[in-house]
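Protein chains in written order, with the numbering used here: chain A, 451 to 781; chain B, 451 to 781.
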């Protein structure tokens, strides 16, 4: 029986809980029996022998979980096997996720997270702790939502040397730029509409100034190129200064403009000209990554970068990766 | 020590041998020690304690391997753990690959193949034999060359229900159509040029009549949708009848034409209209697959569909998938 603690019970945590309920029969076949023994948000928790559907209902009705053990008490003291950490990203110091993950790993518990903060701040340290304590830290959901990146390289491109990585890691910027390309309207106007549609946040700087893409780039570069990068190592330029005229000039020559995150000789997030028929030229909020390898050449993966079910999908794929008895042969 | 027999020593078999030599140090770290104990082509073989570099040199110099055990004798009697089967595809009866694979599986040996024939003809039967004998049959290289498809779905999209699959599975057709799109020249003229460039075969029908794409579709559908399809179940239309005028009409409305292989309610290979900005609209010989899932939504993967190193990449990734002690944590 795999005992799971879900810390962070917002959109992502609830999405995971829903899939764990909905796909119980299938998942049990693949990984064996499991049970959620704790859910916690920043206000409270439910632990012990409870019905996960009931916990979801409580959270939805009351917007918070009842008083109980704190997240930290759960992580430090409760009996569980797997921590699913889905608290909100904080790229300044990684907290509270960083402490949750560290404490769990120190106890030898496996961790799956969707939280970029701890990995941006302390990737190498966390990997060392997990190795030392013979447990695993998986984080597919931190980059590109439902777009597989980490397992894509480790599993599907196993045996290849990764030469460089280049991609679209922020759906909000891609949405704004692909609309500017089509409609030739100013950045500010499209941003305002994106905010109305909830595609951009009220304070859009994390997205449009390139910080979100840079955070994901740090994680990808650390995980796939084996370097030890921090956010300060990324040269970042956002998309605020791009004008409709820039698109005119680009498109006359068969190019468009996208915010590209790159890791090769250097780490860089910046608006770049790309040929209109390049696989990284996508519309809307899609994410994409092009991986340059020694054997397979260039491989591109495209997917939805965010969303409740999409992020849950990435976490569930990590869950299966960790515990599946046998996924190779399907008959 | 993993003992490997390579049966089929043309471009693909030699490519695999080269990578097994070139990446010996890395691969040994990942899967443990290994040794090629047999290589065979249709004319001869080298078995026992030999230098793989020497075997490559013999094949290159003499165009054939020396007299020795036949491929079938090796598969039936030699002591090995893994058969890498890279003989030429025959979609009529799957031979000689089908017998090689069956005999190895019956002996409980793992098999990795790049040969579409046996899987198109007898997918279900081969999977049953492998299950019964507690061994594995992996075949990433049969579809899309370096473009990961099978592991992509099984590993990266684990936990998702696959609703449908749609893609570009023949690089020759995509090359011809993407040039027709740009240059508005007749099919026959572009085909002739593609033949000069060795992108199309002297007898192009296997490619341009859609049979190659349909063969790959059968494998993908069987492996990922869990059905039991044969080539006769695919409705096939090739690209011979497409005119430059058809591109004019399509492009006026923002569309282009590509040969699309689809598996959902039915299995179909046919030229289709696709919006110009769709992720499946690619130039040149690239392959691509769009996978529709219940959780992750639509995910697309793009890569090189053929090539010596590219196909070797797919085989090596299967090799690692089979034997890796631990690929999850990289530090």
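Don't be surprised by glycine CBs; every beta carbon is placed ideally from N, CA and C.
Own chain partners of residue i with C-beta closer than 7 Å, once the 5 adjacent residues on each side are dropped
| i | result |
| --- | --- |
| residue 688 (chain A) | 658, 659 and 660 |
| residue 771 (chain B) | 588 and 601 |
| residue 559 (chain A) | 530, 531, 532, 533 and 585 |
| residue 696 (chain B) | 707 |
Where residue i meets chain B, residues with beta-carbon distance less than 9 Å
| i | result |
| --- | --- |
| residue 623 (chain A) | Going along chain B, no residue has its Cβ under 9 Å from residue 623 (chain A), so there is no contact; the nearest lies around 17 Å. |
| residue 760 (chain A) | 745, 746 and 747 |
| residue 435 (chain A) | No information on residue 435 (chain A) is available, as it lies outside the stretch 451 to 781 that chain A covers here. |
| residue 552 (chain A) | By Cβ distance, chain B contributes nothing, its closest Cβ being about 16 Å from residue 552 (chain A), past 9 Å. |
Chain-ordered neighbours of residue i on chain A, where CB pairs are closer than 9 Å
| i | result |
| --- | --- |
| residue 754 (chain B) | 746, 747, 748 and 749 |
| residue 469 (chain B) | 609 and 745 |
Cβ-based neighbour list, residue i, same chain, cut-off 6 Å, excluding 5 preceding and 5 following
| i | result |
| --- | --- |
| residue 570 (chain A) | 541, 665, 668 and 681 |
| residue 778 (chain B) | With a pLDDT of only 41 at residue 778 (chain B), under the threshold of 50, the placement of this residue in the model should not be trusted; the figure read from the coordinates follows. Excluding residues within five positions, none has a Cβ falling inside 6 Å. |
| residue 536 (chain B) | 458, 462, 463 and 564 |
| residue 460 (chain A) | none |
| residue 732 (chain A) | 738 |
Alpha-carbon to alpha-carbon, residue j and residue i
| i | j | result |
| --- | --- | --- |
| residue 593 (chain B) | residue 635 (chain A) | 43 Å |
| residue 648 (chain A) | residue 652 (chain B) | 55 Å |
| residue 455 (chain A) | residue 531 (chain A) | 8 Å |
| residue 619 (chain B) | residue 701 (chain A) | 30 Å |
| residue 708 (chain A) | residue 674 (chain A) | 23 Å |
| residue 633 (chain A) | residue 662 (chain A) | 25 Å |
| residue 518 (chain B) | residue 512 (chain B) | 15 Å |
| residue 671 (chain A) | residue 685 (chain B) | 44 Å |
| residue 741 (chain B) | residue 482 (chain B) | 34 Å |
| residue 724 (chain A) | residue 704 (chain A) | 8 Å |
| residue 543 (chain A) | residue 692 (chain B) | 59 Å |
| residue 607 (chain A) | residue 754 (chain A) | 21 Å |
| residue 507 (chain A) | residue 501 (chain A) | 10 Å |
| residue 504 (chain B) | residue 510 (chain B) | 10 Å |
| residue 474 (chain A) | residue 497 (chain B) | 50 Å |
| residue 792 (chain A) | residue 683 (chain A) | Beyond the ends of chain A as shown, which are 451 and 781, falls residue 792 (chain A); an answer cannot be given. |
| residue 761 (chain B) | residue 630 (chain A) | 40 Å |
| residue 603 (chain B) | residue 604 (chain A) | 14 Å |
| residue 551 (chain B) | residue 581 (chain B) | 13 Å |
| residue 472 (chain A) | residue 717 (chain B) | 29 Å |
| residue 698 (chain B) | residue 726 (chain A) | 19 Å |
Where residue i meets chain B, residues with beta-carbon distance less than 7 Å
| i | result |
| --- | --- |
| residue 732 (chain A) | 729 |
| residue 767 (chain A) | 606, 607, 608 and 609 |
| residue 597 (chain A) | 749 |
Limits of the beta strand (DSSP E) - the one that residue i falls within
| i | result |
| --- | --- |
| residue 584 (chain B) | Run containing residue 584 (chain B): none; DSSP gives neither H nor E here. |
| residue 488 (chain A) | 484 to 490 |
| residue 750 (chain B) | 748 to 754 |
| residue 679 (chain A) | Where residue 679 (chain A) is concerned, there is no enclosing beta strand (DSSP E), given that its DSSP letter is neither H nor E. |
Cβ of residue i within 9 Å of any chain D Cβ
| i | result |
| --- | --- |
| residue 614 (chain B) | Absent here is chain D; the protein component of the structure consists of chains A and B. |
Residue j beta carbon less than 9 Å from that of residue i
| i | j | result |
| --- | --- | --- |
| residue 617 (chain A) | residue 739 (chain A) | yes |
| residue 548 (chain B) | residue 587 (chain B) | no |
| residue 539 (chain A) | residue 625 (chain A) | no |
| residue 763 (chain B) | residue 525 (chain B) | no |
| residue 712 (chain A) | residue 614 (chain A) | yes |
| residue 428 (chain B) | residue 553 (chain B) | The requested residue 428 (chain B) is not part of the displayed model; chain B covers only 451 to 781. |
| residue 598 (chain B) | residue 767 (chain B) | yes |
| residue 562 (chain A) | residue 591 (chain A) | yes |
| residue 622 (chain A) | residue 644 (chain A) | yes |
| residue 747 (chain A) | residue 722 (chain B) | no |
| residue 528 (chain A) | residue 466 (chain A) | no |
| residue 546 (chain A) | residue 492 (chain A) | yes |
| residue 637 (chain A) | residue 557 (chain A) | no |
Enclosing alpha helix (DSSP H) for residue i [first to last residue]
| i | result |
| --- | --- |
| residue 503 (chain A) | 502 to 512 |
| residue 694 (chain B) | 694 to 702 |
| residue 759 (chain A) | 758 to 773 |
| residue 618 (chain B) | No alpha helix (DSSP H) holds residue 618 (chain B); the beta strand (DSSP E) holding it covers 612 to 618. |
| residue 712 (chain A) | Per DSSP, residue 712 (chain A) belongs to no alpha helix (DSSP H); it is in the beta strand (DSSP E), 705 to 713. |
| residue 662 (chain A) | 661 to 675 |
| residue 470 (chain B) | 461 to 472 |
| residue 657 (chain B) | 655 to 658 |
Distance cut-off 8 Å: residue i Cβ against heavy atoms of the ligand NAD
| i | result |
| --- | --- |
| residue 723 (chain A) | Among the ligands in the structure shown, none appear at all, so the ligand NAD cannot be discussed. |
Close beta carbons around residue i, own chain, < 8 Å, minus the five adjacent residues each side
| i | result |
| --- | --- |
| residue 452 (chain A) | 481, 482, 483, 484, 485, 531, 532 and 773 |
| residue 729 (chain B) | 738, 740, 750 and 752 |
| residue 477 (chain A) | 470, 484, 766, 769 and 770 |
| residue 744 (chain A) | 610, 611 and 613 |
| residue 577 (chain A) | 587 |
Proximal chain A residues relative to residue i, where beta-carbon distance stays under 8 Å
| i | result |
| --- | --- |
| residue 572 (chain B) | Near residue 572 (chain B) there are no residues of chain A at all, since even the closest Cβ is about 13 Å away, more than 8 Å. |
Residue i: contacting residues in chain B (beta-carbon distance under 8 Å)
| i | result |
| --- | --- |
| residue 770 (chain A) | 608 and 609 |
Within chain A, the residues that residue i reaches when beta carbons sit closer than 7 Å
| i | result |
| --- | --- |
| residue 601 (chain B) | 605 and 606 |
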